[in-house]
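Quick note, the sequences are listed as chains V and C, same order.
Using UniProt numbering, the first residue of the first sequence is number 1, and each one after it goes up by one.
Using UniProt numbering, the first residue of the second sequence is number 1, and each one after it goes up by one.
All C-beta atoms in this analysis are idealised placements derived from N, C-alpha and C, irrespective of residue type, glycine included.
Following: one structure in structure tokens, then a few remarks.
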Amino acid sequence: MSSAASVPLSQKFKLPNGVEYEQPLGLFVNGEFVTGKEGKTFEVINPATGKIVGLVHEATAADVDIAVDAAEAAFYDGPWSKMSSADRGRLLLKLADLFEENLTVLASIEAFDNGKAIQLARGDISACIGCLRYYGGWADKIHGKVIETSPESFNYTKQEPIGVCGQIIPWNFPLLMWAWKIGPAIACGNTVVLKTAEQTPLGGLYAARLCKEAGFPPGVINIISGFGRTAGSAIASHMKIHKVAFTGSTLVGRQIMKAAAESNLKKVTLELGGKSPNIVFEDADVDRAVEWINFGIYYNAGQCCCAGSRIYVQESIYDKVIEAFKKRAEANVVGNPFDEATFQGAQVSEAQYNRIMSYVEIGKKEGATVETGGERHGSEGYFIKPTVFSNVTEDMRIMQEEIFGPVCTIAKFKDLEDVISKGNSTSYGLASAVHTRSLSTAMEVANRLRAGTVWVNCYNSIHWALPFGGYGESGIGRELGKEALRNYTQVKTVNINLS
Amino acid sequence: MSSAASVPLSQKFKLPNGVEYEQPLGLFINGDFVTGKEGKVFEVINPATAKVVGFVHEATAADVDIAVDAAETAFYDGPWSKMSAADRSKLLLKLADLFEENLTVLASIEAFDNGKSIQLARGDITACIGCLRYYGGWADKIHGKVIETSPESFNYTKQEPIGVCGQIIPWNFPLLMWAWKIGPAIACGNTVVLKTAEQTPLGGLYAAKLCKDAGFPPGVINIISGFGRTAGAAIASHMKIHKVAFTGSTLVGRQIMKAAAESNLKKVTLELGGKSPNIVFEDADIDRAVEWINFGIYYNAGQCCCAGSRIYVQESIYDKVIEAFKKRAEANVVGNPFDETTFQGAQVSEAQYNRIMSYVEIGKEEGATVETGGERHGSEGYFIKPTVFSNVTENMRIMQEEIFGPVCTIAKFKDLEDVINKGNSTAYGLASAVHTRSLGTAMEVANRIRAGTVWVNCYNSIHWALPFGGYGESGIGRELGKEALRNYTQIKTVSINLS
Chain V
1 MSSAASVPLS QKFKLPNGVE YEQPLGLFVN GEFVTGKEGK TFEVINPATG
51 KIVGLVHEAT AADVDIAVDA AEAAFYDGPW SKMSSADRGR LLLKLADLFE
101 ENLTVLASIE AFDNGKAIQL ARGDISACIG CLRYYGGWAD KIHGKVIETS
151 PESFNYTKQE PIGVCGQIIP WNFPLLMWAW KIGPAIACGN TVVLKTAEQT
201 PLGGLYAARL CKEAGFPPGV INIISGFGRT AGSAIASHMK IHKVAFTGST
251 LVGRQIMKAA AESNLKKVTL ELGGKSPNIV FEDADVDRAV EWINFGIYYN
301 AGQCCCAGSR IYVQESIYDK VIEAFKKRAE ANVVGNPFDE ATFQGAQVSE
351 AQYNRIMSYV EIGKKEGATV ETGGERHGSE GYFIKPTVFS NVTEDMRIMQ
401 EEIFGPVCTI AKFKDLEDVI SKGNSTSYGL ASAVHTRSLS TAMEVANRLR
451 AGTVWVNCYN SIHWALPFGG YGESGIGREL GKEALRNYTQ VKTVNINLS
Chain C
1 MSSAASVPLS QKFKLPNGVE YEQPLGLFIN GDFVTGKEGK VFEVINPATA
51 KVVGFVHEAT AADVDIAVDA AETAFYDGPW SKMSAADRSK LLLKLADLFE
101 ENLTVLASIE AFDNGKSIQL ARGDITACIG CLRYYGGWAD KIHGKVIETS
151 PESFNYTKQE PIGVCGQIIP WNFPLLMWAW KIGPAIACGN TVVLKTAEQT
201 PLGGLYAAKL CKDAGFPPGV INIISGFGRT AGAAIASHMK IHKVAFTGST
251 LVGRQIMKAA AESNLKKVTL ELGGKSPNIV FEDADIDRAV EWINFGIYYN
301 AGQCCCAGSR IYVQESIYDK VIEAFKKRAE ANVVGNPFDE TTFQGAQVSE
351 AQYNRIMSYV EIGKEEGATV ETGGERHGSE GYFIKPTVFS NVTENMRIMQ
401 EEIFGPVCTI AKFKDLEDVI NKGNSTAYGL ASAVHTRSLG TAMEVANRIR
451 AGTVWVNCYN SIHWALPFGG YGESGIGREL GKEALRNYTQ IKTVSINLS
């Protein structure tokens with residue numbers, strides 16, 4: 001294992017598509033890239049090849065302490081604490097512009113580190129830009145209220161920033177999740193300590209450099225690379241962090257909430273797993289529905305919390321749909337992320353690859369039928385063929401548990417009552433979709449499905465202006481839209497006695 | 001110990017002020033008063049006399065299950081699920097009217113069960129009526145949004161009820177806390193299982209009868225008497241309760257949040273303890289400030305989460321203020337709750353009495369000076385003399401820990417910087433007040449104190465229209481105002497593809 005001494009704070013990378021750039025490798029704390037206090041580093045692996053491509057510096061609890069102190073100092077003293085909200089907004093808009101100028105590099109890093117197709121990576125960066133601009137625009141529009149109670153008092157509320165916010169993001173959309181967190185937290189005037197996922201540390205560090213270029217004062221945005229068990233856990237338990245936002249697995253989400261309760265009762269928002277139903281009624285435009293059920297599960301190689309992993313097709317069109325879907329699934333171009341024709345890249349890591357393949361085995365053992373896929377794609381890297389399981393029953397593990405890969409189940413349903421029941425039958429509730437031409441079907445399904453998002457005649461149509469989050473065990477709170485601002489403010493009521 | 005067989009479901013009570021009424025004693029589940037499944041009962045004690053005055057039926061985990069099932073059924077089927085928001089509103093308004101018709105009985109029960117003075121109890125019931133009417137008015141005004149993202153989609157959000165909500169309320173304002181919880185939860189269309197405090201079960205059961213009279217369908221509002229360790233824990237861990245609201249101690253608040261994380265990641269709001277600073281600047285109207293510092297700590301016998309228990313007086317007026325405050329504290333009429341001249345009633349229980357008196361001993365041991373009080377009042381019941389500690393230092397336990405009784409500390413401060421520092425020096429952050437004639441001072445203190453509420457030239461001026469809740473370890477979330485509706489709704493985003 002390399003020691004910190006041999007790993008520089010920054011290194012020139014040359015990517016498979018020829019893009020060359022300077023990749024920061026240190027922890028971005030208080031405006032500088034630094035080594036970790038314990039001198040540790042960890043490997044960066046390219047999922048498309050399975051090979052180690054470099055090392056980054058690792059943050060442990062000691063580094064979290066330093067970052068929090070820097071963030072706290074930035075919050076209470078220094079330029080950030082005196083900055084108008086309009087100026088905060090401008091910094092975010094500047095950051096969005098820098099993302100736009102660096103789109104090719106950022107998308108290339110994303111494809112390299114995460115293994116996703118370059119066309120999808122570009123889409124991610126466009127969404128980052130939209131998100132940062134959106135929140136840049138909110139910064140100076142966070143209003144309190146004046147509330148009348150009686151002529152003898154003057155009462156108002158303020159939506160104040162919380163202070164130092166801890167943010168822990170996942171590896172499936174490294175830069176997009178970075179933007180979803182940074183945007184609203186910064187717009188509301190907080191300072192942040194954000195830990196990227198250990199599988200995908202590169203993009204966040206490059207973006208950190210863009211934060212410095214944009215002109216954010218030191219300590220406002222701190223980006224650290226590290227592991228959940230150490231750095232993530234330190235954030236969740238930190239006595240000076242008053243809010244933690246976590247996106248990741250339900251298992252870890254529970255640990256975060258417990259740590260928050262045991263430490264300082266910090267506010268907690270969680271975006272967790274899902275097992276979202278994608279429902280096709282007989283009156284749908286079947287050709288388009290097949291496109292959407294394909295996109296719903298294989299987009300991002302199935303690594304979406306909101307993936308449409310349980311497909312339900314009305315009986316009368318089931319045979320037609322499954323035939324068309326098989327063909328469509330097999331037509332997905334899987335392979336080299338840097339090939340412009342590629343749709344589905346690699347799974348992010350060997351551990352994820354193994355986990356997904358073990359679910360494929362579980363599905364086979366449970367007696368489901370593999371309609372297509374169910375095996376590795378190629379012989380290098382963590383690629384899995386688009387997989388469809390049919391002849392499934394509701395209680396099968398592959399119907400209840402989140403697989404997080406290009407593996408879906410497809411089942412029949414009789415009528416609306418039947419599919420609503422099935423749709424609502426897991427402990428999750430992140431997203432869902434219904435494909436139909438009928439207004440009343442669309443309305444009734446949208447009303448009765450217990451999910452934070454219902455897509456009608458589409459899937460994965462996430463947009464920064466629309467609140468996103470889970471019912472049930474899919475999470476607590478909402479990201480995106482104006483809603484996200486609540487996660488990063490606290491209400492102060494001031495009541496002035498005029499009598 | 002009495003058994004359930006010997007305790008009826010209802011009994012005629014005659015109170016010290018001559019009020020006679022029928023007091024329900026059973027658990028109010030699914031529209032009826034019933035015995036507990038395990039046949040347990042527990043004592044009701046009048047704090048003013050320390051005598052057992054009766055028994056109520058006790059809910060254990062098995063009863064919580066039954067109540068939750070009833071609440072779940074009421075939520076998904078039956079009249080409540082089909083009721084328009086306007087009709088929900090009418091029920092709450094009717095309930096408010098019934099509270100108004102029963103004001104004398106309710107206030108008398110409150111004084112009898114909690115030990116507070118009848119004049120204060122009447123104020124509580126008036127606030128209950130205002131709160132229920134206020135939320136009755138919100139019921140049909142809970143709007144979603146239509147959010148434009150592109151011409152090719154139509155997107156809207158709905159603020160949907162969560163389902164079965166668990167609510168655990170404290171003993172300090174039994175009926176007011178009941179109204180603060182029921183109002184917003186019901187306005188938003190949820191069904192509830194509410195556990196009253198074991199020290200004060202009577203009022204909540206009478207109010208349950210009023211719910212039935214008002215016409216709430218069975219199962220919508222379930223009121224159970226019981227203990228935190230059993231019934232409360234069952235609520236916090238219940239897999240079918242998707243939101244828990246708790247008001248009480250910080251210690252128990254942590255347990256609730258952990259139980260929520262370990263069970264089904266239910267949403268959690270907490271209203272916990274406080275150690276609120278009450279600050280008098282030299283330019284204040286001193287006579288009025290003395291009234292407010294007296295009211296700030298001795299109101300409700302100091303049993304307020306937001307009690308102004310740390311009084312800070314600017315150096316130059318300290319001697320004058322402490323002299324006047326001593327006199328004012330000693331002038332408080334302490335005693336029989338049913339005496340119309342009584343201001344300060346009994347502490348709610350022997351356990352609370354002992355706890356407060358132990359803090360008085362701690363204060364003495366820590367070297368603080370007892371300016372007045374510091375001992376029992378009278379020889380019957382849990383009465384404590386209004387107590388003032390001076391010569392205190394910031395690190396004393398009596399300055400850092402919540403005492404929850406008629407015991408305050410008074411200290412000097414030099415200037416604004418000094419008192420802001422001191423004001424923000426605990427882990428809490430529930431409320432605060434500043435007494436000053438200066439606009440600049442009022443604004444700066446209001447901006448810089450880390451507390452959910454800042455009162456200016458008043459104290460304890462809580463109103464149902466103004467959000468109330470804590471910074472730091474004083475809690476998570478806000479009650480009252482429009483804010484409370486967020487605690488009881490979840491957002492669903494629907495995105496319809498028009499292309």
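Quick check: the segment 145-160 of chain V against the segment 71-84 of chain V, are at least 3 beta-carbon pairs closer than 8 angstroms?
no
So, with DSSP's three-state summary, where would you put serine 150 of chain V?
Translated into the one-based positions of the first sequence, residue 150 of chain V becomes position 150. If DSSP states are grouped into helix, strand and coil, serine 150 of chain V belongs with coil.
Is the separation between the beta-carbon of alanine 50 of chain C and that of glutamate 350 of chain C shorter than 8 angstroms?
Locating residue 50 of chain C in the second sequence gives position 50, where the first residue counts as 1. Locating residue 350 of chain C in the second sequence gives position 350, where the first residue counts as 1. With contacts defined by Cβ atoms closer than 8 angstroms, alanine 50 of chain C and glutamate 350 of chain C form a contacting pair.
Measure how close the beta-carbons of arginine 122 of chain V and alanine 96 of chain V come, nearest whole angstrom, since I'm counting them as under 8 angstroms.
The sequence position of residue 122 of chain V within the first sequence is 122, counting from 1. The sequence position of residue 96 of chain V within the first sequence is 96, counting from 1. The pair is not a contact, with the Cβ atoms about 16 angstroms apart (cut-off 8 angstroms).
Have a look at serine 474 of chain C and lysine 90 of chain C and give me their C-alpha separation to the nearest angstrom.
Sequence index remark: in the second sequence, residue 474 of chain C carries index 474 (1-based). Sequence index remark: in the second sequence, residue 90 of chain C carries index 90 (1-based). Spanning the two alpha carbons is a distance of roughly 34 angstroms.
Could you tell me whether any Cβ in chain V is nearer than 8 angstroms to the Cβ of isoleucine 147 of chain C?
Residue 147 of chain C sits at position 147 when you count from the first residue of the second sequence. Yes - at least one Cβ of chain V is within 8 angstroms of the one on isoleucine 147 of chain C.
With distances taken from CA atoms, which of C/Trp138, C/Gly253, C/Thr247 and C/Pro161 is nearest proline 174 of chain C?
Taking the second sequence and counting its residues from 1, the one referred to as residue 174 of chain C is at position 174. Nearest of C/Trp138, C/Gly253, C/Thr247 and C/Pro161 to proline 174 of chain C, Cα basis: C/Thr247.
Taking Cβ-Cβ distances shorter than 7 angstroms, what residues in chain V pair up with methionine 83 of chain C?
For the purposes of this step, residue 83 of chain C is taken as residue 83 along the second sequence, with counting starting at 1. Those do not exist, as methionine 83 of chain C stays about 15 angstroms from chain V at its closest Cβ, beyond 7 angstroms.
How about isoleucine 223 of chain C and leucine 210 of chain C: are their beta carbons less than 8 angstroms apart?
Mapped onto the second sequence, residue 223 of chain C falls at position 223. Mapped onto the second sequence, residue 210 of chain C falls at position 210. Cβ atoms of isoleucine 223 of chain C and leucine 210 of chain C: not closer than 8 angstroms.
Backbone secondary structure at aspartate 32 of chain C - three-state DSSP
Against the second sequence, residue 32 of chain C aligns to sequence position 32. Secondary structure of aspartate 32 of chain C (DSSP, three-state): strand.
Under 9 angstroms between beta-carbons, which chain V residues line up against asparagine 421 of chain C? List them in chain order, please.
Indexing the second sequence from 1 puts residue 421 of chain C at position 421. Near asparagine 421 of chain C there are no residues of chain V at all, since even the closest Cβ is about 12 angstroms away, more than 9 angstroms.
CB contact check: glutamate 483 of chain V to chain C, cutoff 8 angstroms
Position 483 of the first sequence holds residue 483 of chain V. Answer yes: the Cβ-Cβ gap between glutamate 483 of chain V and chain C drops below 8 angstroms somewhere.
If proline 337 of chain C sits next to isoleucine 118 of chain C, beta carbons under 8 angstroms apart, how far is it from one beta carbon to the other, in whole angstroms?
Position 337 of the second sequence holds residue 337 of chain C. Position 118 of the second sequence holds residue 118 of chain C. Confirmed, Cβ separation roughly 6 angstroms.
So is asparagine 336 of chain V buried or exposed if we call it buried at 16+ other beta carbons inside 10 Å?
What you label residue 336 of chain V is simply residue 336 of the first sequence in a count that begins at 1. By the C-beta density criterion, asparagine 336 of chain V is buried, having at least 16 other C-beta atoms within 10 angstroms.
Could you tell me which of V/Val146, V/Gly363 and V/Ile125 sits nearest to histidine 463 of chain V, measuring between CA atoms?
As a position in the first sequence, residue 463 of chain V is number 463, starting the count at 1. Histidine 463 of chain V has its Cα closest to that of V/Ile125, out of V/Val146, V/Gly363 and V/Ile125.
Quick test of your reading: valine 64 of chain C and valine 192 of chain C, contact by CB under 8 angstroms. State the CB separation rounded to the nearest angstrom.
Position 64 of the second sequence holds residue 64 of chain C. Position 192 of the second sequence holds residue 192 of chain C. About 12 angstroms separates the two Cβ atoms, so there is no contact after all.
Could you check whether the Cβ of histidine 463 of chain V sits closer than 8 angstroms to any Cβ belonging to chain C?
Within the first sequence, numbered from 1, the residue matching residue 463 of chain V stands at position 463. For histidine 463 of chain V, the answer is yes, since a Cβ of chain C falls inside 8 angstroms of its Cβ.
Could you check whether the Cβ of histidine 463 of chain C sits closer than 8 angstroms to any Cβ belonging to chain V?
If you number the second sequence from 1, residue 463 of chain C lands on position 463. Interface residue, yes.
When you compare only the Cα positions, how much space is there between valine 244 of chain V and leucine 270 of chain V?
For the purposes of this step, residue 244 of chain V is identified with residue 244 of the first sequence, where counting begins at 1. For the purposes of this step, residue 270 of chain V is identified with residue 270 of the first sequence, where counting begins at 1. Using only the alpha carbons, I get a separation of about 9 angstroms.
C-beta neighbour in chain C for histidine 57 of chain V, strict 8 angstroms:
The residue you call residue 57 of chain V lines up with position 57 of the first sequence. Any Cβ of chain C closer than 8 angstroms to the Cβ of histidine 57 of chain V would place that residue at the interface, and such an atom is absent.
Between the Cα of proline 170 of chain C and the Cα atoms of C/Ile162, C/Trp180 and C/Val164, which residue gives the shortest distance?
As a working mapping, residue 170 of chain C is identified with position 170 in the second sequence. Answer by Cα proximity: C/Trp180.
Name the chain V residues that come within less than 8 angstroms of residue 512 of chain C, Cβ to Cβ?
Outside the modelled stretch of chain C, which goes from 1 to 499, sits residue 512 of chain C, for which no answer is possible.
Suppose the cutoff is 6 angstroms on Cβ atoms and the five residues either side in sequence are ignored; what does the same chain contact list for asparagine 190 of chain V look like?
As a position in the first sequence, residue 190 of chain V is number 190, starting the count at 1. Cβ neighbours of asparagine 190 of chain V beyond the five flanking positions: Pro161, Ile162, Cys165 and Tyr488.
Please name the residue in C/Gly374, C/Thr426, C/Thr372 and C/Glu417 whose C-alpha comes closest to that of methionine 396 of chain C.
The residue given as residue 396 of chain C occupies position 396 in the second sequence. For the residues C/Gly374, C/Thr426, C/Thr372 and C/Glu417, the minimum Cα distance to methionine 396 of chain C belongs to C/Thr426.
Output the distance between the C-alpha atoms of glutamate 483 of chain V and alanine 187 of chain C, rounded to the nearest integer angstrom.
As a working note, residue 483 of chain V is residue 483 in the first sequence. As a working note, residue 187 of chain C is residue 187 in the second sequence. Distance between the alpha carbons of glutamate 483 of chain V and alanine 187 of chain C: 21 angstroms.
In the segment 54-84 of chain V, which residues sit with their C-beta less than 9 angstroms from some C-beta in chain C, listed in chain order?
none
Count Cβ pairs between the segment 96-115 of chain V and the segment 201-209 of chain V that sit closer than 8 angstroms; are there 3 or more?
yes
Closest Cα partner of asparagine 190 of chain C within the set C/Lys212, C/Thr200, C/Gln159 and C/His143
Within the second sequence, residue 190 of chain C is the residue found at index 190, counting from 1. Of C/Lys212, C/Thr200, C/Gln159 and C/His143, the residue nearest in Cα terms is C/Gln159.
Tell me whether the segment 265-283 of chain V and the segment 470-481 of chain V touch, counting them as touching only if at least three CB pairs, one residue from each stretch, are closer than 8 angstroms.
yes
What does arginine 229 of chain C reach in chain V if we use C-beta pairs closer than 9 angstroms?
In the second sequence, counting from the first residue as 1, residue 229 of chain C sits at position 229. Near arginine 229 of chain C there are no residues of chain V at all, since even the closest Cβ is about 17 angstroms away, more than 9 angstroms.
Report yes or no: is there a C-beta of chain V within less than 8 angstroms of the C-beta of glutamate 72 of chain C?
For the purposes of this step, residue 72 of chain C is identified with residue 72 of the second sequence, where counting begins at 1. In terms of beta-carbon proximity, glutamate 72 of chain C stays away from the interface with chain V, with every pair separated by 8 angstroms or more.
Run through the DSSP bridge pairs and tell me what serine 10 of chain C is partnered with.
Taking the second sequence and counting its residues from 1, the one referred to as residue 10 of chain C is at position 10. Note: serine 10 of chain C sits in a beta bridge opposite C/Pro24.
Neighbourhood of alanine 85 of chain C by C-beta distance below 6 angstroms, restricted to the same chain and skipping five residues each side
Residue mapping note: residue 85 of chain C aligns to position 85 of the second sequence, counting from 1. These residues qualify, in order along the chain: Ala139 and Asp140.
Apply the 10 Å Cβ neighbour rule to arginine 437 of chain V and answer buried if 16 or more other Cβ atoms are within range, or exposed otherwise.
The count along the first sequence starts at 1 and reaches residue 437 of chain V at position 437. It counts as exposed.
State the DSSP-derived secondary structure class of phenylalanine 468 of chain C, mapped to helix, strand or coil.
Counting from one through the second sequence, the residue named residue 468 of chain C turns up at place 468. Correct three-state label for phenylalanine 468 of chain C: strand.
Which residues of chain C have a Cβ atom closer than 8 angstroms to the Cβ of glutamate 262 of chain V, listed in chain order?
Your numbering for residue 262 of chain V matches position 262 in the first sequence. What glutamate 262 of chain V touches in chain C: Arg254 and Lys258.
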